[in-house]
Amino acid sequence: MSRKVWALLCAGAIVAGAAACSSSEGESAGGKVTLTYGYWDEKNQGQAMDKIAKEFTKTHPNIEVKIQFTPLKEYFTKLQTSAAGGSAPDVFWMNGPRFGVYASQGALLPISDKIAADKVDTAKFPKSLNDLYTLDGKQYGLPKDYDTVGLWYNKDLFDKAGVKYPDATWTWDDLRENAKKLSDPAKGVYGIGAAPWGQEVFYNTIFQAGGYVVSPDGKKSGYDDPATIEGLKLWSDLIEEKSSPTVQQMTDTSPVELFQNGKLAMWTDGSYDATTYSGTEGLNADVAPLPAGPKRKATVIHGLANVIYAKTEHPAEAWEFVKFLASEQANRIQAETGAVIPAYEGLADTWVKSMPKFNLQVFVDQVDDSVPYPISKNTAAWSTAELDAITKAFSGGQDLEAGAKELATAMNAALAKE
Amino acid sequence: MEGAVARAAAARAEPRRRLRDQEWFWGYAMIAPLVLGLGVFYLWPVVQSVYYSFTEWTLFGDSTWVGLANYRELFTGPENAKALKNTFVYAVWSLAGIPLSILVAALLNARGLRLVSFYRTIYFLPVVTMPAAVALIWRWLYNGDYGLINYLLSLVGVQGKSWIAEPSTALYAVVVVGIWMSVGYNAVIFMAGLQGIPRHLYEAASIDGAGPVRQFFRITLPLLSPSIFFVSVLTVIGGLQMFDLIYLMFGKANPAYADNKTVVLLFFNKAFEEGAKGYGAAMAVVLMLITLVLTVVQFRMQKKWVHYA
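Each protein sequence line maps, in turn, to chains A and B.
Mapping of the first sequence onto the UniProt record's numbering: position 126 corresponds to residue 126, and the numbering continues sequentially without gaps.
Mapping of the second sequence onto the UniProt record's numbering: position 39 corresponds to residue 39, and the numbering continues sequentially without gaps.
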């Protein structure tokens with residue numbers, strides 16, 4: 001049959017929902033295997049993924065890797081459908097909040113045994129990231145990259161208010177005091193943005209106050225813990241003191257935009273937005289470590305992992321590829337592009353040097369104090385309620401303590417169903 | 001005279017009877033693609049949804065039969081009552097767009113109006129614009145700090161709000177956008193309706209001494225009532241399905257979001273974000289029944305006020 005006819009048949013099969021073309025093609029070529037690798041960030045990381053796939057084939061000539069791009073907006077919907085239909089990519093990107101559902105419902109291949117058998121040194125990755133992709137004592141993914149949160153500040157606004165730049169010695173008291181000095185609500189300038197955002201904002205202070213979001217065994221919500229409530233209260237106080245715009249204002253214009261436009265003197269944001277601020281014209285900013293809370297220093301760490309689809313036809317080859325993805329060589333390729341901090345120890349330097357005007361070392365140094373992004377088996381079942389409740393509390397729609405306790409009850413009910 | 005008509009009809013009916021079998025076949029053959037399409041893409045999903053509403057799903061497609069559990073949960077959740085109320089409020093308020101559309105249609109229909117096609121384009125533009133673009137523009141207009149609306153209000157000394165971030169105003173802010181988007185489409189239907197009203201009725205009325213107001217209420221409105229009926233049925237159905245504008249305009253960490261969810265938005269949360277597909281199906285089925293009941297009620301009520309000329 002001619003190529004054209006095959007192409008047509010394949011197209012027809014895809015339309016009919018049977019995307020079996022690629023895998024059968026891989027097997028027919030006499031021992032040669034084609035793996036598919038699913039990911040969602042073509043703009044920043046496509047080049048690196050492409051290069052990694054090619055390098056891998058150099059050392060494993062019998063395995064070809066096809067990278068398969070899906071925009072993040074559709075990534076998980078598509079992945080969920082294809083995993084249900086048995087046709088997910090052999091290896092794909094995974095994030096923390098989605099991991100629990102995929103692992104607990106058998107969509108991911110556990111790799112603890114393979115890690116042990118091949119003596120892969122997981123200590124080369126931040127421990128909190130290994131933990132993030134471990135469920136019930138079994139590891140399912142090897143870390144790919146990571147991000148932590150830092151205290152971004154606008155130097156011009158600090159200079160104008162005569163306030164010293166933040167540094168590693170800052171505590172919550174320094175933050176509050178200086179945020180007040182930096183605020184000028186009449187001009188629409190505020191000390192800090194107390195947005196009801198988890199990773200960037202309130203998760204960090206919950207941990208700094210000694211609280212928690214989900215108990216380590218994933219069975220209990222931490223929102224009725226006094227320390228957790230203390231961590232939330234810092235932000236609602238900042239809003240009340242007019243050191244932060246109201247939640248309403250930050251809904252109309254996001255804190256990221258406010259910071260870019262010189263309307264926020266400080267804003268806690270992840271390493272992933274460094275390129276955004278680096279590219280903002282007229283923004284004279286830098287970044288410092290997050291201030292220490294009453295109990296400890298802490299920052300949320302999150303990062304992606306490469307995982308293997310449980311029903312892959314080529315588990316051995318997929319593992320070889322994941323092992324390569326976790327190697328120094330593959331991480332170095334990632335580091336060179338500068339989009340993310342590679343997970344492999346010692347390779348963050350390349351990223352840090354990619355934007356010399358910022359003290360990006362802060363993000364790397366904070367890994368020692370980092371706490372994994374809070375998740376449970378089915379994070380999505382409570383994250384909407386969490387966002388609703390905290391948004392309401394921060395915007396004055398409900399008493400903070402009562403709202404947090406109510407949230408804890410709802411969240412415990414959701415956790416009990418897992 | 002009458003006999004001749006009957007004879008002619010009988011003569012025509014004769015060959016028709018012979019053709020009937022063939023016509024029957026071709027008639028159904030012609031509508032088959034449509035019926036098949038309706039069946040596959042509309043009816044079958046409805047049947048499936050009803051079935052799924054009695055099941056519980058895991059994320060990766062295994063379902064178990066749970067009987068009425070989803071429905072029981074549906075009637076106990078406080079969120080659902082609120083969402084239903086919001087949906088009704090939205091649907092009822094969006095009816096306010098109808099008088100506005102009639103006014104626009106009447107003005108565009110006025111004799112001697114210049115640049116008619118220009119105005120028609122202007123009013124119809126929102127209909128063909130993507131909801132995402134509409135939502136984006138209105139978000140800017142409604143911005144509490146930098147929005148055009150608050151700027152205009154400040155000129156007359158009024159302090160504006162963060163319109164779409166305040167629980168008390170957010171839903172109405174969306175209603176305004178919804179009406180703005182629908183006026184053009186409705187006006188086209190009303191213009192057609194207005195053009196269908198015979199001129200001579202107005203001439204007779206003015207000879208009898210009726211002024212323009214009386215003419216409007218005694219001639220225009222009654223004869224436009226079939227169009228009004230059609231538009232109001234569509235508006236209510238569209239209002240009950242409100243999703244895109246709220247989803248696009250609110251964003252996630254919005255203080256107004258939790259209190260102003262509509263049924264379809266809640267359905268989206270449950271079925272696609274939280275993965276509770278069976279529960280989502282139950283919501284969809286209930287919404288379908290509500291829509292059905294409201295539509296039937298409207299059809300019943302039309303006898304009271306709709307005049308077919």
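Glycine included, C-beta positions come from ideal geometry on N, C-alpha and C.
query	result
Whole-angstrom distance between isoleucine 67 of chain A and glycine 184 of chain B, CA atom to CA atom	46 Å
Buried versus exposed call for proline 226 of chain A [16 or more other C-beta atoms within 10 Å across all chains shown]	exposed
Residue from A:Tyr272, A:His302, A:Thr228, A:Ala123 with nearest C-alpha to isoleucine 402 of chain A	Here the sequence assigns alanine to residue 402 of chain A, which means isoleucine is not the residue at that position. Here the closest residue by C-alpha is A:Thr228.
Interfacial residues, the stretch 54 to 71 of chain B to chain A, with Cβ spacing under 7 Å	Thr58, Leu59, Phe60, Gly61
Range of the contiguous alpha helix (DSSP H) that encloses phenylalanine 69 of chain A	Where phenylalanine 69 of chain A is concerned, there is no enclosing alpha helix (DSSP H), although the beta strand (DSSP E) it sits in stretches over 63 to 69.
Threonine 169 of chain A in three-state terms, based on DSSP	coil
Three-pair Cβ contact test at 8 Å for the stretch 328 to 347 of chain A versus the stretch 154 to 171 of chain A	no
Residue environment, residue 504 of chain A, which counts as buried when at least 16 other CB atoms sit within 10 Å	It is not possible to answer for residue 504 of chain A, since the shown part of chain A is limited to 1 through 418.
Within chain A, the residues that proline 33 of chain B reaches when beta carbons sit closer than 9 Å	Within chain A, no residue comes near proline 33 of chain B; the closest Cβ sits about 18 Å away, beyond 9 Å.
Positions along the stretch 149 to 165 of chain B whose CB lies within less than 7 Å of some CB in chain A	Ser162, Ala165
Stretch-stretch touch, CB-based, cutoff 8 Å, three pairs: the stretch 91 to 101 of chain A with the stretch 362 to 379 of chain A	yes
Interface residues of chain B facing valine 101 of chain A [CB-CB closer than 8 Å]	Leu59, Gly275
Inter-residue spacing [alpha-carbon to alpha-carbon] between leucine 294 of chain B and glycine 239 of chain B	12 Å
From B:Leu245, B:Ala281, B:Trp24, residue whose alpha carbon lies closest to that of leucine 136 of chain B	B:Leu245
Distance between beta carbons of lysine 233 of chain A and serine 183 of chain A, contact taken as under 8 Å	So it is not a contact: roughly 19 Å between Cβ atoms.
Residues near glutamine 298 of chain B by beta carbon distance below 6 Å, same chain, minus five either side	Val233
Proximal residues to phenylalanine 190 of chain B (C-beta, below 6 Å), its chain only, five neighbours per side dropped	Ser101, Ile102, Ala105, Ser227
Interface partners of tyrosine 257 of chain B on chain A, CB under 9 Å	Thr251, Leu387, Asp388, Thr391
DSSP-derived helix/strand/coil call for glycine 275 of chain B	coil
C-beta neighbour in chain B for serine 243 of chain A, strict 9 Å	no
Any non-hydrogen atom of the ligand FMN within 8 Å of alanine 408 of chain A CB	Summarising the ligand content, the structure contains no ligands, and the ligand FMN is consequently not present.
Cα-Cα separation, serine 271 of chain A to asparagine 150 of chain B	35 Å
Alanine 380 of chain A versus A:Asp273, A:Val101, A:Glu320, residue with shortest Cα-Cα distance	A:Val101
Supposed close pair glycine 293 of chain A, threonine 148 of chain A - CB separation, criterion 8 Å	Actually they do not touch by this definition, with Cβ atoms about 15 Å apart.
Residue environment, arginine 214 of chain B, which counts as buried when at least 16 other CB atoms sit within 10 Å	exposed
Bridge partners - tryptophan 57 of chain B, DSSP secondary structure assignment	B:Ser63
Chain A contacts made by the stretch 224 to 251 of chain B, where a contact means CB separation under 9 Å	Phe250, Gly251
7 Å Cβ cut-off: residues of chain B touching glutamine 105 of chain A	Thr58, Leu59, Phe60
Residue-level contact to chain A via CB, proline 167 of chain B, 9 Å cutoff	yes
Length of the line joining the Cα atoms of proline 356 of chain A and alanine 285 of chain A	12 Å
Distance between aspartate 121 of chain A and isoleucine 115 of chain A (C-alpha atoms, nearest Å)	8 Å
Residues that lysine 138 of chain A bridges to, as DSSP identifies them	A:Leu135
Alpha helix (DSSP H) segments (min. 4 residues) lying fully within the stretch 266 to 348 of chain A	274 to 278, 315 to 325, 328 to 337
Cβ neighbour criterion (16 or more within 10 Å) applied to glutamate 27 of chain A	Bear in mind that a pLDDT of 44 at glutamate 27 of chain A, under 50, signals an unreliable position, so the number given afterwards is only what the model happens to contain. Label assigned to glutamate 27 of chain A: exposed.
Interfacial residues, the stretch 175 to 199 of chain A to chain B, with Cβ spacing under 8 Å	Gly188, Ala195, Pro196, Trp197
Nearest neighbour of serine 104 of chain A, chosen from B:Phe272, B:Thr76, B:Phe60 [CA to CA]	B:Phe60
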